[in-house]
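The structure appears below as structure tokens.
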Amino acid sequence: MIDHATVDRILDAAQIVDVVSDFVTLRKRGVNYVGLCPFHDDKTPSFYVSPAKGLCKCFACGKGGNVVHFIMEHEQLSYPEALKYLAKKYGIEVKERELSQEEKLMQSERESLFVVNSFARDYFRQTLTQHVDGRSIGMAYFRRRGFRDDIIEKFQLGYSTDSHDALAQEALRKGFKKEYLVKTGLCYETDDHRLRDRFWGRVIFPVHTLSGKVVAFGGRVLESATKGVKVKYVNSPESEIYHKSNELYGIYFAKQAIVKQDRCYLVEGYTDVISMYQSGVENVVASSGTALTPGQIKLIHRFTNNITILYDGDSAGIHASLRGIDMLLEEGMNIKVCLLPEGEDPDSYARAHTSDAFRTYIAEHETDFIRFKTALLLEDAGKDPVKRAELISNLVQSISVIPEAIMRDVYIKECAQLLRVEDKLLVSEVAKRREQHAEKHPPRPVTPHTPPVAAASAEASSPSATRTPFAAGDAAASEQQPTASSGSDVSATEMAAAGYVSFIPQEGKEGQAFYRYERQILQMIVRHGEQVMCTIADEAGNEHPITVIGFVVNSLKEDDLTFHNPLHRQMLLEAAAHLHEEGFVAGRYFANYPDPDISRLSSDLLSDRYQLSKYHTKHQTIPTDNERLSELIPRLLLDFKHAIVSAEIKHTLSALQDPAVAYDDAKCSELQQHYQRMHEIQRQMVKRLGDRVLL
6 MIDHATVDRI
16 LDAAQIVDVV
26 SDFVTLRKRG
36 VNYVGLCPFH
46 DDKTPSFYVS
56 PAKGLCKCFA
66 CGKGGNVVHF
76 IMEHEQLSYP
86 EALKYLAKKY
96 GIEVKERELS
106 QEEKLMQSER
116 ESLFVVNSFA
126 RDYFRQTLTQ
136 HVDGRSIGMA
146 YFRRRGFRDD
156 IIEKFQLGYS
166 TDSHDALAQE
176 ALRKGFKKEY
186 LVKTGLCYET
196 DDHRLRDRFW
206 GRVIFPVHTL
216 SGKVVAFGGR
226 VLESATKGVK
236 VKYVNSPESE
246 IYHKSNELYG
256 IYFAKQAIVK
266 QDRCYLVEGY
276 TDVISMYQSG
286 VENVVASSGT
296 ALTPGQIKLI
306 HRFTNNITIL
316 YDGDSAGIHA
326 SLRGIDMLLE
336 EGMNIKVCLL
346 PEGEDPDSYA
356 RAHTSDAFRT
366 YIAEHETDFI
376 RFKTALLLED
386 AGKDPVKRAE
396 LISNLVQSIS
406 VIPEAIMRDV
416 YIKECAQLLR
426 VEDKLLVSEV
436 AKRREQHAEK
446 HPPRPVTPHT
456 PPVAAASAEA
466 SSPSATRTPF
476 AAGDAAASEQ
486 QPTASSGSDV
496 SATEMAAAGY
506 VSFIPQEGKE
516 GQAFYRYERQ
526 ILQMIVRHGE
536 QVMCTIADEA
546 GNEHPITVIG
556 FVVNSLKEDD
566 LTFHNPLHRQ
576 MLLEAAAHLH
586 EEGFVAGRYF
596 ANYPDPDISR
606 LSSDLLSDRY
616 QLSKYHTKHQ
626 TIPTDNERLS
636 ELIPRLLLDF
646 KHAIVSAEIK
656 HTLSALQDPA
666 VAYDDAKCSE
676 LQQHYQRMHE
686 IQRQMVKRLG
696 DRVLL
């Protein structure tokens, strides 16, 4: 874990214009810079960079944030990896927290395995380009496959000679330990304790992690040696650093193109990926000949929701992969399938066509997975009633795992037409399957706890202040909340959501008045949270400063209310918990927060596309938000409270009318008490509001 002092040094050194300019051509426009957005096909410049605020934002696709977010998005790195990227750029030594002895040993071993793999990659590459056999055999093979020299260099392809222990001897000569050569799978030990190379006599395909580290190798025997060979490819075995189910070949090179195209092409083998990439179709990865796994699916889902699977028409291979595609459906991804012409595979087709021709073919021939599966199974079933029944059952299972109800309904109707069965039958069967799945996998119960607005604030520390916002127990509870960087399995946002009792739906209320007010209040917290907006006097006449954060938290607690959106609640919790920190600046803290959802929202709240011209700022006196905090904050809070309580009362009444609640005495009583409590809060608010009318 990188310590805070090092993070601050990195953020202070990293200039956003300097970093973005490495990837985007920027032109100065007023106080900002503008260029073509690197995250979508931008025709006119819509990507703005503000050096004063240290933020960037595309006002077409919405992506942006601070300098760390830009690197995370552009290079597809995690938060710590992006920080290390910037540290390396600016020559800053990264200091991480002290590890336990056990952690040091584990980290040391993992690093050692990566170092050994890096040595092997360089050894194989050098053998390919400098050894006589490498040039005459290995390089000749790659060129017969049509690979250009720049592509061979980019994918770090290599060659291992026919010598059974050349790599092992070179590694030992350079001081690498025998145990690490075995643990990486580069070598194996014979019964007589001799060390032998695993990949001798093969061309080498290194497998890279998402961040570009070499985690494993694939070796292919050459055509001249395939006679009598049952297994053409040999792959690295599972190790401390390599888990095949979590890796995709080519993901390191494809990640940016996948994000930009918002689609991933999935193929089977190494050469398929390389040939397609060379032809210009860069958003392609391979499952390396295995059925898709949950880990691989999640890796793709990090970058896109859309995936097209390319098949070469091998019926056996297609049937074997159907289970993996059901897993993609369960993940909520949009899946299309494309069959290449008979006798073609992605490798051969890419070598014979341009990227435009390849993409055109895919666009014209790809089909939705459910329709593809229906047609495939119908062809197999023919007129056999038993097989048709099995077909229906198979399709029902696929549809039942789709999380979106609307998508399930669409597929049910289409399948009913294709299969010529009543859609009611499919609806019933899908519902049955989902109920069975829910029984086997019940949702994890959430233990309620103190709402996050019950966090300690600066004003709570003054016993003589006019308000006493929180009880000691509330403060203690809030201090025990884990933050997003704590390493807990449950995210801080989920923790913040757990104790919030409301009958307003969590989703689909972004257009409601209370939601807009809530976002505006949060914007004030992010922009001005640490600033003093007013003072209050105690009984002795001493004045105590009230910050924006303290005022908001106290005011919400006064009516036992909190924000509706879980992310907003978490940010309020974080703001209150750090208010005592000397030098705390809300905007900087949230814009650099490790949780990307929070940091991106904060950057969005800090962003302004338009600024006043020099003429207006010179000749007109326009009060800023900062000068009107004592007026804006109370007004926003009053508007929010009125809107949220009105919405809560409305949705509680709606819940009371549910027949299921009417027959549940305990639930009905709970709802009635909640309804009465909301009415009491509304009554007290009206008293405080006096003559003001809120619409």
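Using this note's numbering, the first residue of the sequence shown is number 6, and each one after it goes up by one.
Quick reminder that beta carbons are idealized off the backbone N, C-alpha and C, glycines included.
Cβ neighbour criterion (16 or more within 10 Å) applied to residue i
i, result
"T365", "exposed"
"T379", "buried"
"V29", "buried"
"I411", "exposed"
"H621", "Note on H621: pLDDT 39, under 50, position unreliable in the model; the coordinate value appears next. The residue in question, H621, is exposed, as its Cβ has fewer than 16 Cβ neighbours within 10 Å."
"V25", "buried"
"V426", "exposed"
"G337", "exposed"
"K646", "buried"
"Q261", "buried"
"D600", "buried"
"D23", "exposed"
"V137", "exposed"
"P408", "exposed"
"S659", "exposed"
"T552", "buried"
"H248", "exposed"
Cα-Cα separation, residue i to residue j
i, j, result
"A671", "I686", "23 angstroms"
"H213", "E579", "37 angstroms"
"T298", "D373", "21 angstroms"
"T189", "N240", "11 angstroms"
"H684", "A581", "28 angstroms"
"R14", "G59", "15 angstroms"
"E158", "P211", "12 angstroms"
"L550", "L566", "The amino acid at residue 550 is misidentified as Leu; the sequence shows Pro. About 23 angstroms."
"V558", "D564", "10 angstroms"
"I588", "S604", "The residue asked about is misnamed: residue 588 is Gly in this sequence, not Ile. Approximately 19 angstroms between the Cα atoms of the pair."
"R524", "H573", "8 angstroms"
"L31", "Y38", "6 angstroms"
"D663", "D669", "10 angstroms"
"P351", "D361", "14 angstroms"
"L334", "V406", "6 angstroms"
"Q161", "F129", "9 angstroms"
"F52", "V120", "39 angstroms"
"A18", "Q81", "21 angstroms"
"D317", "E194", "39 angstroms"
"A652", "F519", "8 angstroms"
"L118", "L177", "14 angstroms"
"A461", "E636", "With a pLDDT of 32 at A461, under the threshold of 50, the modelled position of this residue cannot be trusted; read the value that follows with caution. Rounded to the nearest angstrom, the two C-alpha atoms are 24 angstroms apart."
"V590", "L584", "9 angstroms"
"Y594", "I21", "17 angstroms"
"I305", "A92", "27 angstroms"
Residues that DSSP places opposite residue i in a beta bridge
i, result
"I541", "H549"
"I209", "G163, G224"
"I340", "I312"
"R34", "N37"
"A580", "A580 is not bridged to any residue."
"C61", "V54, G70"
"V219", "H213"
"L271", "V290, I314"
"Y522", "In DSSP, Y522 forms no bridge with anything."
"Y254", "A291"
Enclosing alpha helix (DSSP H) for residue i [first to last residue]
i, result
"G163", "It is not in any alpha helix (DSSP H) - G163 instead sits in the beta strand (DSSP E) that spans 163-165."
"D23", "21-25"
"L200", "No alpha helix (DSSP H) holds L200; the beta strand (DSSP E) holding it covers 200-202."
"V278", "275-284"
"F147", "144-149"
"D609", "601-611"
"L177", "171-178"
"Y84", "84-94"
"K303", "299-306"
Start and end residues, beta strand (DSSP E) containing residue i
i, result
"V239", "238-240"
"Y193", "192-194"
"V290", "289-291"
Residue i: CB within 7 angstroms of a non-hydrogen atom of the ligand ZN
i, result
"E427", "Ligands displayed in this structure: none; no statement on the ligand ZN is therefore possible."
Taking the runs of the alpha helix (DSSP H) that are 4 residues or longer, which of them lie wholly in the segment 356-431?
360-370, 374-386, 390-405, 410-424
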